Structures are given as C-alpha cells and as structure tokens.
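Colleague:
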Amino acid sequence: MHIIVCLKQVPDARQVRLDPETHTLIRQGVESIINPYDLYALEAGLRIRDERGGKVTVLTMGPPQAEDSLREAISYGADEAALLSDRAFAGADTWATSFTLARGVEKLAPFDLILCGKQAVDGDTAQVGPGLAERLGLPYATWVRKIEAVEEDRIRVQRLMDDGYDRLEITLPALLTVVKEINEPRVPSLKGKMRAKTQKIPLYGAADLGADAGQVGLSGSYTQVMRVFAPVRRREREMLQGPVEKQVHDLWVNLKNRQLIPFDVAGSR
Amino acid sequence: MSATLLIDTDLCSGCESCVSVCPFSALSMADGKPLVNDQCTLCGACAEICPEGAIRVPEAAPAAGPDPAYRGVMIFAEQRLGRVAEVAFELLHKGRELADTLGVTLTAALLGRELDGPARELLRYGADRVYTVDDPRLEGFTDEAYGEALTQIIRSVKPEILLAGATPIGRSFIPKTATQVGTGLTADCTELEIDAEKRLLLQTRPAFGGNIMATITCPQRRPQMATVRPKVLKKGAPSDSPAGEIVPFNLDWSGISGKTRLLEIVEELSEKVRLAEADVIVAGGRGLQEAKHFSLIRELAELLGGAVGASRGAVDSGWIPYAHQVGQTGKTVAPKLYVAIGVSGAVQHLVGMQSAETIVAINSDPQAPIFDVATYGIVGDLFEVVPEMIRQLKAAGG
Ligand SMILES: Cc1cc2nc3c(=O)[nH]c(=O)nc-3n(C[C@H](O)[C@H](O)[C@H](O)COP(=O)(O)OP(=O)(O)OC[C@H]3O[C@@H](n4cnc5c(N)ncnc54)[C@H](O)[C@@H]3O)c2cc1C
Ligand SMILES: Nc1ncnc2c1ncn2[C@@H]1O[C@H](COP(=O)(O)O)[C@@H](O)[C@H]1O
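Chains as they are written, first to last, in our numbering: chain G, 1 to 269; chain P, 1001 to 1398.
1. Is residue 229 of chain G close to chain P? Criterion is C-beta to C-beta, closer than 9 Å.
2. Across the stretch 28–45 of chain G and the stretch 149–157 of chain G, are there enough close Cβ pairs to call them in contact, namely three or more that are closer than 8 Å?
3. Can you find a C-beta in chain G that's less than 9 Å from the C-beta of residue 1168 of chain P?
4. How is residue 1161 of chain P classed by DSSP in three states: helix, strand or coil?
5. With a CB to CB cut of under 6 Å and the five nearest residues on each side skipped, what residues in its chain are close to residue 1017 of chain P?
6. Go ahead and label residue 166 of chain G buried or exposed: buried means 16 or more other beta carbons lie within 10 angstroms of its beta carbon, across all protein chains shown.
7. So, is residue 1250 of chain P buried or exposed, given that buried needs 16 or more other C-beta atoms within 10 angstroms?
8. Determine the DSSP secondary structure at residue 189 of chain G, reduced to helix, strand or coil.
9. Does DSSP classify residue 1396 of chain P as helix, strand or coil?
10. Do you know offhand how far residue 70 of chain G's Cα is from residue 1116 of chain P's?
11. With H, G and I counted as helix, E and B as strand and the rest as coil, what does DSSP make of residue 201 of chain G?
12. Along the stretch 1304–1333 of chain P, what residues have a CB closer than 7 Å to any CB found in chain G?
13. Could you name the residues of chain G that residue 1029 of chain P contacts, counting a contact when the two beta carbons are closer than 9 Å?
14. Against residue 271 of chain G, what residues of chain P qualify as contacts under a CB-to-CB distance less than 9 Å, listed in chain order?
15. Distance cutoff 9 Å, beta carbons only. Does residue 76 of chain G sit that close to anything in chain P?
16. Under 9 Å, Cβ to Cβ, is there at least one residue of chain G near residue 1101 of chain P?
17. Helix, strand or coil: which one does DSSP assign to residue 1019 of chain P?
18. From G/204, G/114, G/125, G/118, pick the residue whose C-alpha is nearest to that of residue 171 of chain G; which is it?
19. Measure the Cβ-Cβ separation of residue 1082 of chain P and residue 1118 of chain P and say whether it is below 9 Å.
20. If you pair each beta-carbon of the stretch 198–218 of chain G with each one of the stretch 92–103 of chain G, do three or more pairs fall below 8 Å?
21. Three Cβ pairs or more, each shorter than 8 Å: is that satisfied between the stretch 248–264 of chain G and the stretch 1010–1026 of chain P?
22. For residue 1363 of chain P, would you say it is in contact with chain G, using Cβ-to-Cβ distances shorter than 9 Å as the test?
23. Cβ of residue 1362 of chain P within 9 Å of Cβ of residue 1341 of chain P?
24. So with Cβ pairs under 9 Å, would you call residue 150 of chain G a contact of chain P?
25. Have a look at P/1321, P/1065, P/1356, P/1261 and flag the residue whose alpha-carbon is nearest the alpha-carbon of residue 1160 of chain P.
26. Distance cutoff 9 Å, beta carbons only. Does residue 261 of chain G sit that close to anything in chain P?
27. Taking 8 Å as the threshold, find out whether the stretch 1069–1076 of chain P comes into contact with the stretch 1098–1115 of chain P through three or more Cβ pairs.
28. For residue 116 of chain G, verify whether its CB is less than 8 Å away from any heavy atom of ligand 1.
29. Mind checking whether residue 1087 of chain P and residue 1238 of chain P have CB atoms under 9 Å apart?
30. Helix, strand or coil for residue 1261 of chain P, going by three-state DSSP, please let me know.
31. So, is the C-beta of residue 64 of chain G closer than 9 Å to a C-beta in chain P?
32. Is the closest heavy atom of ligand 1 to the C-beta of residue 225 of chain G under 8 Å?
33. Does at least one heavy atom of ligand 1 sit under 8 Å from the Cβ of residue 183 of chain G?
34. Using a beta-carbon distance cut-off of less than 9 Å, what residues from the stretch 190–204 of chain G approach chain P?
35. Taking only beta-carbon positions, decide if residue 1377 of chain P is within less than 9 Å of chain G.
36. My guess is that residue 1125 of chain P and residue 1157 of chain P are in contact by the Cβ rule of under 8 Å, so how many angstroms apart are they, rounded?
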C-alpha cells in the first residue's frame, strides 16, 4: 500500500503563553514543530504499512525550512518525503493550499490512502483535508478515531461525532483526517534519525507542478484576510474572599444576579 | 508573481512591535528595520499593529467581480436523527438580519428523512423558504451525499451567502461543497457583519487556538460561505403564523458514487446534556486526583442542569472519556456558565472555553492561569469548596 501523509509545520502552541496583563501572545523563541494532529496521522499510516507492507510518503507545502518537519517524520519511520515550496505559494488559503497539495499528490501517484490531521493548530480551519479529497475526486471521512480494518480495496473506520460515533466503510483510494484519540504515536528510532539526515527529498515549485501563479498562494486564494487583531477579553475578574461558606454564598448570589442559576440562595446562611 | 510583505523602511520607526506580534516568527530586525523571512503567511498581524503604517500586505489582483446572479441568504439546517441542531435556529436569526440588510430572501436547505416537522420549525424561526431533500440515503450523514446535495441546491438557488454550523457535520462536508462550487470558505466564525455597500460578508473568526482574531472576506466568488460556531449567535423567537413555504428539491443522484457507506450510528454520551449545546458546563481537572471524585462534578452539574466537561489532564489520566474533553484537542464550548474545578488552565484548555459568558474557577493554586480568564475566582481546596457549593444549592431547593 502507498500511504501519503500530509503534514504542516506550525509554531509550537505549547510554547505560546498568554501575557496575563495584556492578554496577548508571548511568542518569543517559539519553535516550529509538526502540527500535533499530523503525528497521529503519520502513526496511523506507519501502522498500516507495518501490517500490510508498502510505503509511507510524507508531503508538505511550506517554506524551505518545512523540510525539517519532513526529516523529522522520516525519523519516526516515514519512507519517503516531498516538499512543495515556492515564494508563489505564500499566503495561500485552504482553496489554494488544497489545489497545490493535490498537484503534489499527483506527482506521488499511484496511492491508496491519504491521511491528514484533523486540523492545523495555526489556521485551525480543518478544511484542507476535505478540500484536498474533493480536488482529487476521492471519498473521505473526517474526525477518524479508529481504523477498524484495512482491506485491498476498502477501509472501515469510526468517525467521532458530538454525540457518539459513526461506523463507515469507504472504497479506496480515500482520504481520512484523524483525531488524537486514534493512537499513541511512537518515538523516533535511532535508525530513522540516521536515515533522516541523508534521505533525498525532492522539491517541487509552482512550475514543476504545472501551476501558474494565479492558481497558488495569495493570488490563487478566494478568501482574503482583511484584518488580524488580538481578541478583546472584556472580563472583569472578581476573586471571592472570606471563609469558604461565604465565598460560595457570594458566588451563588452573583450567579443568581446574572440569571445563571434558578435558585435563591440568599437565605441559606 | 510572488507575493511578499511590503515594508516602507522610510516610515518605519524601528519600534519592533511587528516582530513581537508576528504569529509565525517571520520578522526580525536588521539595522533597525524589519526583515521578513519565508515563514511569512501574509496574515497581516504586523500591518495591523504598525503605528507608522509602514507595512502593507499586497492585495491579490482583483479578478472579475462576483456573479450578480447570486442573490439571497441561505442557511444549511443540520438535523441528526430527526432533531434539528440548535445552531440552525441561531443561523436563521442572524440570516434574517443579514437578508433584511441586503433586501433579499432567507432560505434554508434541509436534508434527511421525514422532514415535514423540522421544515415547519425552520419556517417558524424565520425562513422564507425551506428546500428539502427527503431521501433514505440522506438519513445518516455522509460527506459524499450531503456535499453533493448542497452543491446542487446552491447551483440551482444561487444564494450570495451560505451559512452552516461549525459542527462535526458542517465542518466536515461544507469544505467539499465550497470546493465543488469553487468559492472561498471561512471556518468556525464567531461574528458576522455586512458591508452593505459592497454586499460583502465580513467574517470574523478565531485562529491560532483563539489567540488571534481574523476578519475574512470573499470578494470575488459567490456564495460567500462560512461555518459558524454554535452558541455564539442568538436564537430568535418563533412565529405562530409563519408565511414561508416548503419546496421539495429534486436531487440528481447520478453523480453520487456511493463510495462512502454509513454502517452504523452509535450514540455514546454518558450524560443527558450534550457538551457542545449546554448552557452550563461543570468541568473537572487533574485537581480531582482520582476518577471517583468526578462524582462531585457530576452532582454539581446535575444540580445546575449542566453538562460535564474535563481538562485533557483528567482525560489522559483515564478518569473520564475523551468525549468530555474541552480544549484545543477536545471540544470548543461557549456556555453561559463554565465552572472549572481543579483545572489549571493551560492555554490549550482556555482556547476551548474562554468564550463562555461567565467563568467560575476553583483552584488551590492562586497562580493558576485559569484565574486569568475567570469572572469569579475561588482560591481553595476543591474538596471543601465543592461540597459546600452542593450543600448550599440543595438548601436553596436545588
Ligand atoms: C488568521 C488566519 C485565518 C485564516 N482563516 C482562513 C479561513 O477561514 N479560510 C481559509 O480558507 N483559509 C484561512 N486561512 C488560511 C489557512 O490557514 C491556510 O490556507 C493554511 O495553509 C491551511 O492551513 P490550516 O491551518 O487551515 O489547515 P487545516 O485545514 O486545519 O489542516 C488540516 C490538515 O491538512 C493538512 N495540511 C494543512 N496544510 C498543509 C500543508 N501546507 N502541507 C501539507 N499538509 C497540510 C495536514 O494534514 C493538517 O493536519 C487563515 C489563515 C490565517 C493566518
Ligand atoms: N484539592 C485541590 N483543589 C483545587 N485545585 C486543585 C487541587 N489539587 C490540585 N488542584 C489544581 O488542579 C490543577 C490541575 O489541573 P489540570 O492539569 O488542568 O487538570 C492544578 O492547577 C492544581 O493547582
């Protein structure tokens, strides 16, 4: 089986802290990492390969340094990698991103399965997976929390929903986006780390993908970011004081005044 | 053509605010002036903050304007197991306002089985027309059938705006439909406004785990499509004598391959109240120390008529199923009241709940970041505080 895992390099949200005064982000010295969800996608791909044979190719679109994330994925056990990088790709929305990734996937064809993370933790759209599937004319399932069975021409999965889960059977080739519940990613192996250093990673620019500038990056995007700003946090905080009994009482009175609880606790002391 | 950030070094005063605000570490200072590297995504945060107006994001070349044949506001009305999702009513209320501003009609698209009751409900909540596709193949949700059905409805009705709930279903298949009809899609919006003059939908959404907000438009293509987070918009009052009509839509099934087959729908929530739709959520964290102490959370939630949430710490400890997890890797919630008990408030948890209207935090550590977002804070031992909360509520007749 040939499994393609799409991964994105993102700023490490764990290192991002909130400034308690200004409520803005403190991003000093934040490193780039593989989008956390994509490690679950990679692990899911590696497990299928380990069981059924074949290979896992990791694919990313990003700036030249996104190659580091591909090498990291190889250290986890990915067999091959491809980097889509070009100044013209900058500023892509999910429409242009899925277009470019689809062209990249076509370079790697044939394949049986594409795996994506549920969403990337910077853009947070969760639109690239479904968009990519549609571009390639593939059936897909999102929020996959379990792969029940993989056969030659089909896959059975569980999709996480608000109130439980759905069981689906999908004809291959197909695309899945996965949630963290799906597995526990392995750690990079020594052998993998060695291979990550030397592995050749092909690089494709817009011309290699047969894309013109109007189809990729900012100019190929239908959505436009008009404005980016810090969220207003208009919360006035009140720390309740006194003995526990009084604090709790004051809390209920406040919540009652805000019409958040139906009970009248005023007389309870 | 390659797009790069435009920096006017003559205007730049070297204040470095752009460097500190960049979400992607794409800016650095060289000789007192900002330098942009390849990490730049042209998000515009620097342009926004620059006091000198020295930074500009290049504009995409304006192509042909949007197709004027597209008129009207449409919402996708989600139903599951015959129950219309609350967010559909919220969208109708907002959709009415947008439609009135634009002077157009408000329609709804409803897919599933036995839709008469749900369709009438949508009319009562303000739809002028409800398009229904009543078919056993739409009884359960598959991206393929839903995506194709909505695409066909859009191509036929041609709305200029399409809104759907940012639910697991909406966020799953709406990107397929947007790709099929060839338009932009804004994810998980929390605010919608109209620029009436340009007939542009201004779509505001959190990104970066809720730590930055972005206003996004789709100037060239129609419809302008957005998924909207449940519970951030208000639901309107139903009318007793709705004037709208129900219009069955004839779906062409020939392009639907059936490559995705829904085998089974399994309902799994152990609680009566659904987390995503709850008005009140009581959440427990690692401070509970043991699985059995979640009974305190459950009891309080029950008394308040709320749902039970949990931090990742509590879920990873195996005290409660993942379905209850709130935060970046769990559910995003926006209840009226969120009570966080023994939850430290890691930023990944905060982004999932900080849009709650009122937040109560109970934690023994006065430095816990959860207090940064709290409306009311109690510093204390939860094993004293929560039993006292329960006692007083019960005494008050709860
Ligand atoms: C503030 C802000 C708001 C934005 N809002 C929107 C919006 O509403 N609509 C819109 O269309 N765009 C939006 N964008 C642009 C969007 O973030 C980019 O298009 C981005 O390339 C897609 O990333 P994502 O984080 O949304 O990916 P997601 O769709 O969340 O990623 C899901 C999965 O797709 C795969 N994937 C994603 N990107 C790549 C990649 N480059 N290479 C390989 N695999 C990848 C990964 O497997 C990932 O786990 C926004 C950007 C910013 C900065
Ligand atoms: N007995 C307790 N009462 C209140 N808070 C506690 C108690 N024990 C631990 N905590 C807090 O619980 C938090 C753990 O939260 P989390 O890791 O988010 O689940 C920490 O912030 C602790 O300070």
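Just so you know, even glycine gets a beta-carbon here, dropped at the ideal spot from N, CA and C.
Model, not experiment: these values are computed from the prediction.
Modeller: On the basis of the data shown:
1. Yes, residue 229 of chain G counts as interfacial toward chain P.
2. Taking 8 Å as the limit for Cβ pairs, the verdict is that the stretch 149–157 of chain G does not touch the stretch 28–45 of chain G.
3. At a cut-off of 9 Å, the C-beta of residue 1168 of chain P has a neighbouring C-beta in chain G.
4. In this structure, DSSP gives residue 1161 of chain P an extended state, which the three-state scheme calls strand.
5. Residues 1049 of the same chain have their beta carbon placed closer than 6 Å to that of residue 1017 of chain P, with the five preceding and five following residues left out of the count.
6. With 16 or more other CB atoms across the displayed protein chains lying within 10 angstroms of its CB, residue 166 of chain G is buried.
7. With fewer than 16 other Cβ atoms within 10 Å, it is exposed.
8. Coil at residue 189 of chain G, not helix or strand.
9. If DSSP states are grouped into helix, strand and coil, residue 1396 of chain P belongs with coil.
10. When rounded, the separation of the alpha-carbon atoms in residue 70 of chain G and residue 1116 of chain P is 52 Å.
11. In this structure, DSSP gives residue 201 of chain G a state outside helix and strand, which the three-state scheme calls coil.
12. Using a CB distance below 7 Å, the part of the stretch 1304–1333 of chain P facing chain G consists of 1304, 1322, 1328, 1329, ordered along the chain.
13. Neighbours of residue 1029 of chain P in chain G, taken as residues whose beta carbon is under 9 Å from its own, are absent, since the nearest beta carbon is some 13 Å off.
14. The requested residue 271 of chain G is not part of the displayed model; chain G covers only 1 to 269.
15. Taking CB atoms only, residue 76 of chain G has no neighbour in chain P less than 9 Å away.
16. Interface flag for residue 1101 of chain P against chain G is unset, since no Cβ pair is found closer than 9 Å.
17. DSSP places residue 1019 of chain P in helix when its eight states are reduced to three.
18. Among G/204, G/114, G/125, G/118, the Cα nearest to that of residue 171 of chain G is on G/114.
19. Their beta carbons are under 9 Å apart, which means residue 1082 of chain P touches residue 1118 of chain P by this criterion.
20. Here the stretch 198–218 of chain G makes contact with the stretch 92–103 of chain G; the two share three or more CB pairs at distances below 8 Å.
21. No contact exists between the stretch 248–264 of chain G and the stretch 1010–1026 of chain P.
22. So, not an interface residue.
23. Contact annotation: residue 1362 of chain P and residue 1341 of chain P have beta-carbon atoms nearer than 9 Å.
24. For residue 150 of chain G, no CB of chain P lies under 9 Å from its own CB, so it is not counted at the interface with that chain.
25. If we check each option's Cα against that of residue 1160 of chain P, P/1065 comes out closest.
26. Residue 261 of chain G belongs to the set of residues whose beta carbon lies under 9 Å from a beta carbon in chain P.
27. They touch, by the three-pair rule.
28. Checking the Cβ of residue 116 of chain G against ligand 1 gives yes.
29. Taking 9 Å as the cut-off, the beta carbon of residue 1087 of chain P is found no closer than this to the beta carbon of residue 1238 of chain P.
30. Strand at residue 1261 of chain P.
31. Answer yes: the Cβ-Cβ gap between residue 64 of chain G and chain P drops below 9 Å somewhere.
32. Within the cutoff, so yes.
33. No, Cβ of residue 183 of chain G sits at least 8 Å from all heavy atoms of ligand 1.
34. Those residues of the stretch 190–204 of chain G that come within reach of chain P (Cβ to Cβ, closer than 9 Å) do not exist; the list is empty.
35. Residue 1377 of chain P counts as touching chain G.
36. Rounded, the Cβ-Cβ distance is 19 Å, inconsistent with contact.
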